[in-house]
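Enquirer:
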Amino acid sequence: MQTIAPLWLWATFGGIVLVSLFIDFVVLRKQGSHDIGVKEALNWSLVWIGLSFLFNGLFWWAVKDATGSTEIANTRSLEFLTGYLIEKSLAVDNIFVFLLIFTYFAVPTHFQKRVLMIGIIGAIVLRTIMILVGGWLLAEFHWILYVFGAFLILTGVKMWWAAGKEPDLNDNPALKLLRKLLPVSKNYDGENFWTMENGKKIATPLMMVICLIALTDVIFAVDSIPAIFAITSDPFIVLTSNVFAILGLRAMYFLLAAVANKFHLLNYGLAVILVFIGAKMCLIDVYKIPVLFSLGVVVGILALTMLLSVRTAPAESKG
Numbered sequence: 013m014q015t016i017a018p019l020w021l022w023a024t025f026g027g028i029v030l031v032s033l034f035i036d037f038v039v040l041r042k043q044g045s046h047d048i049g050v051k052e053a054l055n056w057s058l059v060w061i062g063l064s065f066l067f068n069g070l071f072w073w074a075v076k077d078a079t080g081s082t083e084i085a086n087t088r089s090l091e092f093l094t095g096y097l098i099e100k101s102l103a104v105d106n107i108f109v110f111l112l113i114f115t116y117f118a119v120p121t122h123f124q125k126r127v128l129m130i131g132i133i134g135a136i137v138l139r140t141i142m143i144l145v146g147g148w149l150l151a152e153f154h155w156i157l158y159v160f161g162a163f164l165i166l167t168g169v170k171m172w173w174a175a176g177k178e179p180d181l182n183d184n185p186a187l188k189l190l191r192k193l194l195p196v197s198k199n200y201d202g203e204n205f206w207t208m209e210n211g212k213k214i215a216t217p218l219m220m221v222i223c224l225i226a227l228t229d230v231i232f233a234v235d236s237i238p239a240i241f242a243i244t245s246d247p248f249i250v251l252t253s254n255v256f257a258i259l260g261l262r263a264m265y266f267l268l269a270a271v272a273n274k275f276h277l278l279n280y281g282l283a284v285i286l287v288f289i290g291a292k293m294c295l296i297d298v299y300k301i302p303v304l305f306s307l308g309v310v311v312g313i314l315a316l317t318m319l320l321s322v323r324t325a326p327a328e329s330k331g
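Mapping of the sequence shown onto the working numbering: residues 13 to 331, in sequence order.
1. According to the Cβ coordinates, are E83 and S236 closer than 7 Å?
2. Give a yes or no on whether the C-beta atoms belonging to L251 and L320 are separated by under 7 Å.
3. Can you tell me where the beta strand (DSSP E) with T207 in it begins and where it stops?
4. Name the residue from A162, I143, I16, G134 whose alpha carbon lies nearest to the alpha carbon of I289.
5. Distance, Cα to Cα, I113 vs L187?
6. With distances taken Cα to Cα, identify the nearest neighbour of V75 among F117, N55, A17, F160.
7. In angstroms with no decimal places, state the Cα-to-Cα distance between R126 and V298.
8. Evaluate E348 with the Cβ neighbour count: other Cβ atoms within 10 Å of its Cβ, from every protein chain shown; 16 or more gives buried, anything less gives exposed.
9. Taking C-alpha atoms, which residue in A257, L190, L70, A291 lies nearest to R139?
10. What separation, rounded to the nearest whole angstrom, lies between the Cα atoms of V311 and Y158?
11. How is E328 classed by DSSP in three states: helix, strand or coil?
12. Check this for me: beta carbons of T215 and L194, under 7 Å apart or not?
13. Examine the Cβ distances between the segment 101-111 and the segment 197-210 and report whether three or more of them are shorter than 8 Å.
Next up, the structure:
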């Protein structure tokens, strides 16, 4: 696995992630559990998006300095931006599932912040491992590109047919398995994941939520990581675009949770994006679709589905 990023940029990226997590776990934790309003979520979302664009600017400068080529720097920074937007857009679907889980378990809103903070740590660790393994597989076995591409196309088709349908957690196999493995209390015990009941240490519903959030993120990573590898083979770009999108996931959740019903058509757009990226991956040896065109397609589909969502009422409210 080869990367164009210099060693100092890897170190800078690691430092930014550590500082960001420090802010989340130490500084914001001092606020205690509290409801996060739309204004606070919007402000933090803008902070994370701004940080991502600043890093992309630094990445552009590092590539330009290392190669002496503005063209290469432009291409690599566009690859980062496209990967970031793909991960951000797919994270929207992820967030809707998080919302379903929180609603199903009736998680108080002031407890949700901690769950998402821990979920972000798990997502970064798991996705780093998956990206390194995926990058090695692609470097060693080129034909896996076609497997990933076909998988993304099938996932996109499945997402299209499932769009608009209410998922049912009662039939979720992961939840059924967790309930068999973990005895769970009926009530919450503050923000604790474990509690004592009849002299025995058992899990609280919050532990079930954490486990489901982690499993959900792994499932979505199986879609998003191959999609970004279709844009670039550089593991640095795949990892950094993925992680920067994840760092803003908590703020993005609270922002979208307040307006989830306004983007009821978004899943159709995400399905089309997955099919497009899958087709791009399958055609890579026949015709390599330019990065700028891919970026335009992703942005265009997202903009169109969001505009149509705002202009049309959800199906359940028509009548």
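Heads up, the beta-carbon is just placed ideally off N, CA and C, and yes, glycines get one too.
Bear in mind that the values here come from a model prediction, so they are computed numbers and not experimental data.
Expert: So, to answer that:
1. For the purposes of this step, residue 83 is identified with residue 71 of the sequence shown, where counting begins at 1. For the purposes of this step, residue 236 is identified with residue 224 of the sequence shown, where counting begins at 1. No.
2. For the purposes of this step, residue 251 is identified with residue 239 of the sequence shown, where counting begins at 1. For the purposes of this step, residue 320 is identified with residue 308 of the sequence shown, where counting begins at 1. No, the Cβ-Cβ distance between L251 and L320 is not below 7 Å.
3. As a first step, residue 207 is located in the sequence shown; it is residue number 195 there, counting from the start. Unbroken beta strand (DSSP E) run through T207: 206-209.
4. Numbered from 1 along the sequence shown, position 277 holds the residue referred to as residue 289. Nearest of A162, I143, I16, G134 to I289, Cα basis: A162.
5. Looking up residue 113 in the sequence shown gives position 101. Looking up residue 187 in the sequence shown gives position 175. Straight-line Cα distance between these residues: approximately 10 Å.
6. Locating residue 75 in the sequence shown gives position 63, counting from the first residue. If we check each option's Cα against that of V75, A17 comes out closest.
7. Within the sequence shown, numbered from 1, the residue matching residue 126 stands at position 114. Within the sequence shown, numbered from 1, the residue matching residue 298 stands at position 286. Taking the straight line joining both Cα atoms gives about 47 Å.
8. Nothing can be reported for residue 348, as the shown portion of the chain is limited to 13 through 331.
9. As a working mapping, residue 139 is identified with position 127 in the sequence shown. The residue with the shortest Cα to Cα distance from R139 is A257.
10. Your numbering for residue 311 matches position 299 in the sequence shown. Your numbering for residue 158 matches position 146 in the sequence shown. Approximately 24 Å between the Cα atoms of the pair.
11. Residue 328 sits at position 316 when you count from the first residue of the sequence shown. Caution is warranted here: a pLDDT of 48 is assigned to E328, below 50, making its placement in the model unreliable, and the coordinate value is therefore given only provisionally. Three-state DSSP puts E328 in a helix.
12. Reading the sequence shown from its first residue, position 203 is the one you call residue 215. Reading the sequence shown from its first residue, position 182 is the one you call residue 194. The amino acid occupying residue 215 in the given sequence is Ala; Thr does not appear at that position. In this structure, L194 lies closer than 7 Å to A215 by Cβ.
13. no
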